[in-house]
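Asks:
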Amino acid sequence: MIKHIVCFKLQDNSLENCQKAKEVLESMRGNVPMLVKMNVGIDFLHSARSYDIILETYFETREDLDNYQKDPYHCNVVKKHMHANASASIAIDYVVEE
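Start counting the sequence shown at 510; every next residue gets the next number (our numbering).
#1: Out of Asp602, Ile563, Ser523 and Leu519, point me to the one whose CA is closest to Gln578's CA.
#2: Nearest by alpha-carbon distance to Lys529: which of Cys584, Glu607 and His590 is it?
#3: Decide if Leu534 is buried, meaning its Cβ has at least 16 other Cβ atoms within 10 Å, or exposed.
#4: I believe Ile551 touches Cys527 by the beta-carbon criterion, under 8 Å. Please report the beta-carbon distance rounded to the nearest angstrom.
#5: Starting from Glu532, trace the alpha helix (DSSP H) in both directions and tell me its first and last residue.
Below, the structure is given as structure tokens:
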């Protein structure tokens with residue numbers, strides 16, 4: 510299993526804007542076929558080093574992760590929204606040991 514995590518800092522990190530970003534990310538459920546499962550969370554500490562939103566996604570294979578990066582819904586809806594609203598992001602991809 511492959512885990513892909515992305516943390517986002519939003520330009521406007523108001524609760525309303527964080528909720529909207531969460532809704533957009535969660536809209537991938539049922540729209541991105543290679544996605545096995547996902548979690549989306551909003552930071553509540555708001556420390557100097559905190560990011561605002563976390564996206565955790567799981568894929569069966571590396572090929573599925575590669576296809577996710579090119580998926581039309583992911584690119585045209587999710588990436589478009591997040592690129593327009595995020596000031597920074599950081600990601601990690603790794604194999605989950607079972």
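All C-beta atoms, glycine included, are put in the ideal place defined by N, C-alpha and C.
Predicted, not measured: the structure shown is a model, and the values here were computed from it.
Replies: Quick look at the numbers:
#1: Translated into positions along the sequence shown, residue 578 becomes position 69. Among Asp602, Ile563, Ser523 and Leu519, the Cα nearest to that of Gln578 belongs to Asp602.
#2: Within the sequence shown, the letter at position 20 stands for residue 529. If we check each option's Cα against that of Lys529, His590 comes out closest.
#3: Within the sequence shown, the letter at position 25 stands for residue 534. So Leu534 ends up on the buried side.
#4: The count along the sequence shown starts at 1 and reaches residue 551 at position 42. The count along the sequence shown starts at 1 and reaches residue 527 at position 18. Indeed they touch by this definition, with Cβ atoms about 5 Å apart.
#5: Position 23 of the sequence shown, counted from the start, is the residue given in the question as residue 532. That run of the alpha helix (DSSP H) goes Leu524 to Glu535.
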